[in-house]
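**Q** Below is a structure I'd like to ask you about.
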Amino acid sequence: MNRALRAAKENIDLLVTIAGAVGFGSVAAMAEDARQMIAEHPASCLLLTGAAAMLGYATARIVSARSAWAKRRRMDERLSAVFLGMSRRRKELVSRALDEGSVSLSPLDADALALCELGIFGTPPVGSMLTATDFSIRPAVIRAIAGHRSEWLA
């Protein structure tokens, strides 16, 4: 098995060329049959094409929705773990940022920078080290916190 796998890896260019030739040959052989069928049954082919397009669109919507749901679930699990181990001051900063829209802190504040590293606060634009910087929560994190605020920020 390993020998065959190694040979396939070494000759991948040749295998791709052969597969392409076989695929092109089969498409070229079917092209005449497809042209003849379309000429004899145009309405049926149009309906079949429309049905295939709708099926493809529905499949893409389902896959996209499931992917988005899984992504939100992973974010919720990650944020839950982050908030369980978070210090009281960081929770207060997040709560204040949710209530006020942003928190004005020093750009060198360790807790604000840690929340940026965790992906909770958005990274502010580069500014002066002498003036306060407004840190705000990313919109995706706001949506995730909205359902778990009492649990995570208690």
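Just so we're aligned, residue 0 is where the sequence shown starts under numbering that gives the first Met the number 0, counting upward by one. By construction, the Cβ of each residue, glycine as well, lies at the ideal position given by its N, Cα and C atoms. Values in this document were obtained by computation on a predicted structure and should not be read as measured data.
1) From the DSSP output, in three-state form, read off D108 for me.
2) Within 10 angstroms of its Cβ, does F23 collect 16 or more other Cβ (buried), or is it exposed?
3) With burial defined as no fewer than 16 other Cβ atoms inside 10 Å of the residue's Cβ, what is the status of R89: buried or exposed?
4) Looking only at C-alpha atoms, which of W151, A3, L4 and A6 sits nearest to S79?
5) Mind checking whether V102 and L114 have CB atoms under 7 Å apart?
6) Return the residue from the list A42, D133 and T48 that minimises the CA-CA distance to E158.
7) Using the Cα positions of A96 and S149, report the straight-line distance between them to the nearest angstrom.
**A** According to the structure shown:
1) The residue given as residue 108 occupies position 109 in the sequence shown. Reduced to three states, the DSSP call for D108 is coil.
2) Here the question's residue 23 lines up with position 24 in the sequence shown. Label assigned to F23: exposed.
3) Taking the sequence shown and counting its residues from 1, the one referred to as residue 89 is at position 90. Label assigned to R89: buried.
4) In the sequence shown, residue 79 corresponds to position 80, counting from 1. When each option's Cα is compared against that of S79, the closest is W151.
5) As a position in the sequence shown, residue 102 is number 103, starting the count at 1. As a position in the sequence shown, residue 114 is number 115, starting the count at 1. No, these two residues do not count as a Cβ contact at 7 Å.
6) An answer regarding residue 158 cannot be provided, because it is not within the stretch 0 to 153 covered by the chain.
7) Indexing the sequence shown from 1 puts residue 96 at position 97. Indexing the sequence shown from 1 puts residue 149 at position 150. Those two C-alpha atoms are separated by around 15 Å.
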